[in-house]
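*Asks:* The numbering of the sequence shown is the working numbering, which starts it at 759 and goes up by one. Using N, Cα and C, we set each Cβ at its ideal position, and we do this for glycine too. Sharing a structure, written as C-alpha cells. Questions coming.
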Amino acid sequence: VSGRRRWWCELAWLGGEDATPGVLIEAGPDGVITSVATAVAGAEATEAAVLSGLTVPGLVNAHSHAFHRGLRAWTQVADGGSFWTWRERMYALAARLDPDSYQALAAAVFAEMALSGITTVGEFHYLHHQPDGRPYPAGDEMGAALLAAAAAAGIRITLLDTCYLTGGIGQPLEGVQRRFGDGDAGGWAARVDRLAGTPDAKVPTVKVGAAIHSVRAVPPASVAGVANWARHHHAPLHVHLSEQPAENEACLAAYGKTPTRLLGDLGALGERSCAVHATHLSDDDIAALGRSGTSICMCPTTERDLADGIGPAGALLAAGSPLCLGSDSHAVIDLWEEARALELDERLATGRRGHHPPAALLAAATWRGAEALGWDHVGRIEAGWAADLCTLRTDGVALAGTLGADGIGAAAAAVYGGGAGSVTDVVVGGRTVVAGGEHVTLGPVGPRLAGAIASLWEA
Ligand SMILES: [Zn+2]
C-alpha cells in the first residue's frame, strides 16, 4: 500500500551481543526505515514479509576491485608466485577489459556480493581509459559501466574514483598502466566532476568518492590536490597504505618519511579518510592515524592471499581509528569470513584471544564500513536508517546449534557460524534483491560469472 514495506524478523540483530526476537520493521516508499517494533508475534505482523532466521543490517564491503574476481584460483597454480607476480597477472586481465566486458563482469561480481549479504560496495576504480591511455569518446565509459553494474545487481555503490599517475615513485606509467592515468590531480578532478554530474551518478544508491591509489602511484602535489577535492565535496577519501614493506622503503628513500607521515603532511588523513590495509606501520604511524580519526579498512583474506602480513588492528582501534572490512581482490567474497579473520588473525599475531567482541566485528562489517564510504544512515536496523537487510538461515548446518534461546549470543553465531552460503534474503533500500538464496532480477549468478570471466581470457 502506497509503497510502504513491512518485514517481520524471527530474530534481528539490533547492535548488541544478542539478537531480539519478533522484530517488525517498516519502511517508507523512499526505502528508509520508519519504525522498528520488538516482541511482535508473527501472527500480529499482518502484510509483512516473513524473514525466518537471523536478520542483520546489510553488509558493507568497503574495498573492492571488481575485475580482480577474474583472477580467483588462476593465481594459485604451482607455487602461486609473489605479490609482484600476482600483479603481472592482474595487469594482463586489466589490459583486456572494455566498457561492455567490464560492466558484464562487475554486474556478476556485485550480484555474487548481494548473494553473500553485501548491500553496499566501495569500488576502488582506476581503469579509466582505453588500453593506450586515450580517453574513451564519451569521457568515462568505464566508470559508467560500474554504476550500471551496481544498479543491475541492486546494491549501493560508492565509486571511489582513483587517482593513479605513476608506475612507481618518479616512474612513468607503462603498458597497461597507461589506462589508469589522468595526467595530474586536475585532470583526475575534471573527469570525476563530469562523471559525478551524470544522471546515473545522481541516484539515491550512488555516491562518488575519491581515492589515491598509493604513495607509489600519486606524487605529493597530486595527493594534496585529491585531498582538497575530497574536502571540498565532503567526499570519502581512500588510499592503499603500507601494504608491502617495499612501499615503505621506497617512500622513505624518496621523501625521508613514512607513507602515513607523507599523507598526513599533505592533508590526506582525517575522519573522512580511510586507509586500506595499513599492514606495516610504525608506532608513530599508528598514533597519527588514530589521532586524525582516519578509519582503517582491513582486507584479511586478500592480505593472507598476497602474503602481505597482519596489520595492527587492535592498536589502530585503541589509537582512535574505526575499523571496517573489504574483500579487495575477491580471492573470497564473504564478509563474514573477513569479520572473523580480523579477530582470528590478531590471535595468531599476538598469541592471545579476545581482541574484538563479535558485536564489534559485525559493526565493522556494517555501519562502520558505510561511514567510511560516506553513508551516514546505512548499516543499522533503526528508524531513519536505510532498509538494508540481510537474513541468515539458522536451520542449516552452519548455524545449527549456535544460538541460545531468544537470540542469546547471536552476534557470535553470525560471525563465527555465518557465511555467504547461509544468506537467504537480502533487501536494499526496501527492495528485495535476493530471496530464497536466488538473485531476483539476474537469476543464476554462477553461470553469469563463468561466462564473463571465460570471455575475458579468450579475448
Ligand atoms: Zn585494493
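Taking C-alpha atoms, which residue in L931, Y884, A1004 lies nearest to S840?
*Replies:* Out of L931, Y884, A1004, A1004 has the C-alpha closest to the C-alpha of S840.
*Asks:* Does the beta-carbon of F938, which I'm using as the reference point, lie nearer than 7 Å to any heavy atom of ligand 1?
*Replies:* No, ligand 1 has no heavy atom inside 7 Å of this Cβ.
*Asks:* Can you tell me where the alpha helix (DSSP H) holding L1039 begins and where it ends?
*Replies:* Per DSSP, L1039 belongs to no alpha helix (DSSP H) and is neither H nor E.
*Asks:* Give a yes or no on contact between the region 1120-1139 and the region 1085-1092, applying the rule of three or more CB pairs nearer than 8 Å.
*Replies:* The region 1120-1139 vs the region 1085-1092: no contact.
*Asks:* If you check the beta carbons only, do P994 and G955 fall under 8 Å apart?
*Replies:* Not closer than 8 Å, so no.
*Asks:* Would you identify the three-state DSSP class for V759, choosing helix, strand or coil?
*Replies:* For V759, the predicted model reports a pLDDT of 44, less than 50, meaning its position is unreliable; a value from the coordinates is still stated below. Correct three-state label for V759: coil.
*Asks:* Suppose the cutoff is 6 Å on Cβ atoms and the five residues either side in sequence are ignored; what does the same chain contact list for R845 look like?
*Replies:* Answer for R845: no residue qualifies.
*Asks:* Count the other CB atoms, across all protein chains shown, that sit within 10 Å of the CB of P1017; report buried if there are 16 or more and exposed otherwise.
*Replies:* Classification of P1017: buried, given that the 10 Å Cβ count is 16 or more.
*Asks:* Would you list the one or two residues that DSSP bridges to S1031?
*Replies:* Looking at the DSSP assignment, S1031 forms a beta bridge with L995.
*Asks:* Can you give me the Cβ contacts of V759 inside the same chain, cut-off strictly under 7 Å, excluding the 5 residues immediately before and after it?
*Replies:* Unreliable placement is indicated for V759, whose pLDDT of 44 sits below 50; the coordinate value is still reported in the next sentence. None.
*Asks:* With distances taken between CB atoms, is the gap from A872 to G912 smaller than 8 Å?
*Replies:* Cβ atoms of A872 and G912: closer than 8 Å.
*Asks:* Take the Cβ of E1001 as the centre, count every other Cβ of all protein chains shown within 10 Å, and call the residue buried at 16 or more, exposed below.
*Replies:* Answer is buried; the Cβ neighbour count reaches 16.
*Asks:* At which residue ranges does the region 926-973 contain complete alpha helix (DSSP H) runs of 4 or more residues, listed in the order of the chain?
*Replies:* Listed in chain order, the complete alpha helix (DSSP H) runs (minimum 4 residues) inside the region 926-973 are 943-954.
*Asks:* Give the DSSP-derived three-state secondary structure of L1047 in the structure shown.
*Replies:* Looking at L1047 - three-state DSSP - the assignment turns out to be helix.
*Asks:* DSSP beta-bridge partners for G880?
*Replies:* Answer is T916.
*Asks:* Which value, in whole angstroms, describes the spacing of the CA atoms of G1078 and G773?
*Replies:* Their Cα atoms are separated by approximately 20 Å.
*Asks:* Tell me which residues share the same chain as D858 and place their Cβ nearer than 8 Å to its Cβ, disregarding the 5 neighbours each side in the sequence.
*Replies:* Closer than 8 Å at Cβ, skipping near neighbours: A903.
*Asks:* Mind checking who M900 pairs with in its DSSP beta bridge?
*Replies:* Looking at the DSSP assignment, M900 forms no beta bridge with any residue, so it has no partner.
*Asks:* How big is the Cα-Cα spacing for D1023 and T1052?
*Replies:* Cα-Cα distance, rounded: 14 Å.
*Asks:* Just checking, does the region 1200-1213 make contact with the region 864-878 on the three C-beta pairs under 8 Å criterion?
*Replies:* Short answer: they touch.
*Asks:* Does any heavy atom of ligand 1 sit closer than 7 Å to the C-beta of V1034?
*Replies:* V1034: yes, Cβ under 7 Å from ligand 1.
*Asks:* Could you tell me whether any non-hydrogen atom of ligand 1 is closer than 7 Å to the CB of H1038?
*Replies:* Not under cutoff, so the answer is no.
*Asks:* For H990, name the three-state secondary structure that DSSP assigns.
*Replies:* Looking at H990 - three-state DSSP - the assignment turns out to be helix.
*Asks:* Runs of 3 residues minimum, wholly inside the region 820-899: which ones carry the beta strand (DSSP E) assignment?
*Replies:* Entirely contained in the region 820-899, the beta strand (DSSP E) runs reaching 3 residues are, in chain order, 876-883.
*Asks:* Which runs of the alpha helix (DSSP H) fall wholly inside the region 1058-1113 and span at least 4 residues, in chain order?
*Replies:* Runs of the alpha helix (DSSP H) inside the region 1058-1113: 1058-1063, 1071-1077, 1093-1108.
*Asks:* Any idea if V976 is buried or exposed, counting beta-carbon neighbours within 10 angstroms, 16 or more meaning buried?
*Replies:* Buried, since its Cβ has 16 or more Cβ neighbours within 10 Å.
*Asks:* Under a Cβ-count criterion, where at least 16 other Cβ atoms within 10 Å of its own Cβ denotes burial, should R974 be classed as buried or exposed?
*Replies:* Classification for R974: buried.
*Asks:* Quick one, are the C-beta atoms of L1074 and A1117 less than 8 Å apart?
*Replies:* No. Outside cutoff.
*Asks:* Suppose the cutoff is 8 Å on Cβ atoms and the five residues either side in sequence are ignored; what does the same chain contact list for E775 look like?
*Replies:* Answer for E775: P1115, P1116, A1117, G1167, A1168, A1169, A1170, listed in chain order.
*Asks:* Indicate the three-state DSSP secondary structure (helix, strand or coil) for G1014 in the structure shown.
*Replies:* In the structure shown, G1014 sits in coil (DSSP, three-state: anything other than H, G, I, E or B).
*Asks:* Identify which residue in D1164, G1165, G1175 has its Cα closest to the Cα of V1155.
*Replies:* Among D1164, G1165, G1175, the Cα nearest to that of V1155 is on G1175.
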